[in-house]
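Mapping to my numbering: the sequence shown position 44 is 172, numbers consecutive.
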Amino acid sequence: MEWLVWVGAALAGIGLVIIGYCIGSAVRIRKANLPDIEARAKLQKIVIFNMLALLISAIGLGAVVMGVLLT
129 MEWLVWVGAA LAGIGLVIIG YCIGSAVRIR KANLPDIEAR AKLQKIVIFN MLALLISAIG
189 LGAVVMGVLL T
């Protein structure tokens, strides 16, 4: 079950990269001084990606735990 640990670590890493992208995008939107309505619309789109990234990371960490427990 060593492969499960590596797959889980890869998924967790991918999730962290996407979370970093979301943070960078949110900071750029905040610094752009957009009108409130435009900024909220763009931030709401980022929230979707952020939640997906958290799901991917959680699945990856679960896979790592299962791989460690099964070995």
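Virtual Cβ for every residue (Gly too), placed ideally from N, Cα, C.
Buried or exposed for LEU198, going by 16 or more other Cβ atoms inside 10 Å? In the sequence shown, the residue the question calls residue 198 occupies position 70. Result: exposed.
To which residues of the same chain is VAL192 closer than 8 Å at the C-beta, ignoring the five residues directly before and after it? Residue mapping note: residue 192 aligns to position 64 of the sequence shown, counting from 1. Take VAL192, set aside five residues on each side of it, and the residues of its chain with a beta-carbon closer than 8 Å to its own are LEU132, VAL133, GLY136, ALA137, ALA140, in chain order.
Test item: CB-CB of GLY143 and ALA181 under 7 Å: Locating residue 143 in the sequence shown gives position 15, counting from the first residue. Locating residue 181 in the sequence shown gives position 53, counting from the first residue. For GLY143 and ALA181, yes; Cβs fall inside 7 Å.
Cutoff 7 Å; reference ILE174; Cβ partners in own chain excluding five residues on either side: The residue given as residue 174 occupies position 46 in the sequence shown. CYS150, SER153, ALA154.
Spatial neighbours of ASN178 in its chain, beta-carbon cut-off 7 Å, leaving aside the 5 residues before and after: Within the sequence shown, residue 178 is the residue found at index 50, counting from 1. Closer than 7 Å at Cβ, skipping near neighbours: ILE147, CYS150.
Once DSSP output is grouped into helix, strand and coil, what is the label at ALA160? As a working mapping, residue 160 is identified with position 32 in the sequence shown. It is coil, neither helix nor strand.
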